[in-house]
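This note's numbering applies: residue 3 is where the sequence shown begins, and numbers increase by one.
Where is the CB? At the ideal position from N, CA and C, for every residue including glycine.
None of the values given here were measured: they were computed from a predicted structure.
Okay, so here's the structure we're looking at.
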Amino acid sequence: MLQESLDRLREAGSISIEKLNAGLEWGRTILEQIGIALPPELARPMDRAGWTEPHVQGLMTVITFILAFLIVLLVLRRIVGARRPPERAEPLSMMVRRPKFMGLAASVVLVLFFGSWSVLAPLSSAAIAPGVVSPEGDRKTVAHLEGGIVRSIHVREGDVVAAGDPLVTLEDVQARARYEELHKRLLHLTAMEARLLAQRSDKEAIPFPENLVNDASDEAKLAMEAQQDLLASQRATQAGREKILHQRILQLEEQNAGLEDVTVAQERQIELVLEEIRSVQTLYDKGLAEASRLLALKRAHADLEADKALNRAHIAENAQRIGETEIQLLTMREAVVEQANDGLAEIQRLLGEIRSQIPSREDVLARTVVRASMPGTVMNIHATTEAGVLRPGETILEIVPSEARLIIDARVKPNDIDRVLPGMTARVVLTAYKQRNLPMIHGVLRSVSADRLVEDRTGEPYFLAKVEVNSEDLAGLSSVRLIPGMPTEVMILNEEKTVLEYLFEPILKSANRSLRES
3 MLQESLDRLR EAGSISIEKL NAGLEWGRTI LEQIGIALPP ELARPMDRAG WTEPHVQGLM
63 TVITFILAFL IVLLVLRRIV GARRPPERAE PLSMMVRRPK FMGLAASVVL VLFFGSWSVL
123 APLSSAAIAP GVVSPEGDRK TVAHLEGGIV RSIHVREGDV VAAGDPLVTL EDVQARARYE
183 ELHKRLLHLT AMEARLLAQR SDKEAIPFPE NLVNDASDEA KLAMEAQQDL LASQRATQAG
243 REKILHQRIL QLEEQNAGLE DVTVAQERQI ELVLEEIRSV QTLYDKGLAE ASRLLALKRA
303 HADLEADKAL NRAHIAENAQ RIGETEIQLL TMREAVVEQA NDGLAEIQRL LGEIRSQIPS
363 REDVLARTVV RASMPGTVMN IHATTEAGVL RPGETILEIV PSEARLIIDA RVKPNDIDRV
423 LPGMTARVVL TAYKQRNLPM IHGVLRSVSA DRLVEDRTGE PYFLAKVEVN SEDLAGLSSV
483 RLIPGMPTEV MILNEEKTVL EYLFEPILKS ANRSLRES
């Protein structure tokens with residue numbers, strides 16, 4: 003049980019007592035004056051959390067040196083005193099009693115010192131875990147969705163880049179060809195849409211949209227000229243057909259006008275014949291005219307009435323033909339509008355499909371120049387050869403964010419996880435710097451992984467703990483700079499106990515178990 007108590011005492015993380023620093027400084031001064039080298043653990047004063055097991059052992063070394071020095075002084079004093087002629091003889095009992103008294107006093111002082119220290123000096127146990135400085139949110143991996151052939155590499159390992167800076171340029175032949183093909187179709191379909199709208203509104207000139215007019219490319223000009231020529235041709239064809247129908251209507255109207263004139267003349271002839279029939283009838287009644295003459299006049303009257311009726315029929319027929327021709331004109335115009343509407347529906351459907359594809363094609367073309375999404379430092383460049391092939395989704399490089407807050411990723415052993423909770427105080431040692439002139443940096447444990455993780459390379463299990471470093475401590479160290487990837491050692495402090503509690507805890511646990519029935 004004593005060995006177990008000593009083992010638990012060795013696992014103590016730190017001693018938080020300021021008086022030990024003062025005593026340690028006094029001991030260092032004495033040892034330096036007598037020419038004894040200082041232990042490396044005591045080369046500098048430690049803060050409250052800096053008293054770890056090596057410093058406790060160093061303190062014990064200092065105390066041992068001081069006690070040994072005092073004993074040597076006592077022995078030398080006794081030797082020198084024995085050689086010096088006594089001024090007067092002391093009793094033998096006094097000569098024997100004095101060394102015993104001094105030894106007893108030294109033992110009492112030593113026991114009181116260690117007893118007080120074991121009762122009053124608290125020790126904080128700690129879970130010690132190796133760690134590494136990492137940006138919060140980890141490194142940002144840069145990859146390309148479609149992959150391609152590397153044309154040029156603009157950065158090197160360790161370069162500092164800003165957001166939007168070019169990193170790698172890929173060949174854009176295929177991406178540009180696909181985009182330009184789609185863009186040409188968009189231009190022609192837009193021009194066709196404008197032509198159909200003008201055709202539906204019976205406009206002579208096509209009002210092209212501004213985006214097409216402002217496009218300075220030759221393809222846009224060709225598309226507008228082609229559609230304007232097509233509209234002119236269609237309007238000419240339609241105008242020719244309408245002209246024929248209008249001429250037919252005009253011809254029929256002229257025929258009706260002639261028939262109307264004939265009808266008027268026939269009506270005048272009929273009036274004259276009727277007047278003549280009345281005169282002859284009077285003479286015939288008096289016996290002065292022949293019956294044949296009267297019948298001839300009546301026959302002429304009947305013929306005139308028949309011709310008049312026939313002309314009326316021709317006029318009505320021509321009017322019907324005029325109406326039919328006018329209907330043909332309206333139908334022709336409606337057919338043009340309907341044809342334009344049908345064409346517009348199809349064109350607008352195709353335009354919708356193309357416009358939905360344009361952003362993705364533009365994005366693919368723009369992403370042939372891979373740019374930094376954030377400011378940071380370039381590292382782990384995988385694309386190192388121009389004309390090399392990148393597979394889709396393959397990592398090109400990594401960027402360590404410069405604006406991201408740096409934290410410590412510590413790997414806690416599974417055996418220590420029961421003593422590690424978020425919110426605990428932590429002490430971080432930057433092992434990359436010389437520890438002689440560098441105080442420990444304070445920190446707070448922010449989170450612990452919910453389940454254990456496994457190192458891919460070694461297969462060693464661990465729990466990932468994230469420690470936030472105190473920015474005030476770093477601000478006071480002008481020569482210290484946290485760099486991603488820097489190794490550290492993290493001590494996550496647990497509850498404080500005195501040395502006496504560590505020594506007696508196994509005994510009390512054993513006694514507690516011994517008083518229970520199995």
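Among the options, which one has its Cα closest to the Cα of residue i?
i	options	result
V338	A368, L233, R429	L233
P486	I409, Y435, V492, T433	I409
Q229	I443, A129, T192, D458	T192
A145	S375, V264, E328	S375
A434	A164, T490, T370	T490
Q201	V422, A477, E336	E336
K186	A385, S219, L172	S219
I246	S136, A385, L331, S203	L331
T536	D420, P137, E400	No answer is possible for residue 536: it lies beyond the span of the chain, which begins at 3 and ends at 520.
L479	L495, E173, M442, R180	M442
V456	R413, D420, L306	R413
H316	G425, G260, R459	G260
A304	R237, A164, I272, A225	I272
D167	V157, D174, E173, A298	V157
R323	E256, E278, L285	E256
V446	A225, V430, E470	E470
M488	A293, I208, V430	V430
E182	P416, P394, I360	I360
L189	S481, L352, N417, A368	L352
E206	L214, R197, N213	R197
R295	E278, T171, L466, G354	E278
N244	E328, R483, S449	Note that residue 244 corresponds to Glu in the displayed sequence, not to Asn. The shortest C-alpha separation from E244 is found at E328.
D420	L367, N496, L484	N496
L172	E292, G150, M493, Q236	G150
I383	Q236, I398, G345	I398
T387	V170, E326, G160	V170
S362	A318, R180, V152	R180
V152	G133, R459, T370	T370
Applying the 10 Å Cβ sphere with the 16-neighbour rule, what's the burial state of residue i?
i	result
R90	Unreliable placement is indicated for R90, whose pLDDT of 49 sits below 50; no coordinate value is reported for it.
D453	exposed
A131	buried
A222	buried
P211	exposed
A241	exposed
N258	buried
A428	buried
E396	exposed
R270	exposed
L290	exposed
T468	Per the sequence presented here, residue 468 reads as Lys, with Thr not at that position. Burial call: buried.
P403	buried
V521	Outside the shown range of the chain, which is 3 to 520, sits residue 521, and nothing can be said about it.
V266	exposed
T333	exposed
E195	buried
D365	exposed
T460	exposed
A128	buried
Pull the bridge partners of residue i from the DSSP assignment, please.
i	result
L495	A128
E470	V446
E400	T143, M381
L408	P137
Y464	L455
V414	F465
L392	G150
V162	T379
I155	V170
T386	In the DSSP output, where bridge partners are listed per residue, T386 has none listed.
Span of the alpha helix (DSSP H) holding residue i?
i	result
A298	293-368
T265	220-288
L484	No alpha helix (DSSP H) holds L484; DSSP gives it neither H nor E.
V422	Per DSSP, V422 belongs to no alpha helix (DSSP H) and is neither H nor E.
N216	No alpha helix (DSSP H) contains N216, which DSSP labels as neither H nor E.
In the DSSP assignment, the beta strand (DSSP E) including residue i goes from what residue to what residue?
i	result
A428	427-432
V521	No statement about residue 521 is possible, as the shown extent of the chain runs from 3 to 520 and does not include it.
L189	Looking at the DSSP string, L189 is not in any beta strand (DSSP E); the run it does join, the alpha helix (DSSP H), is 175-202.
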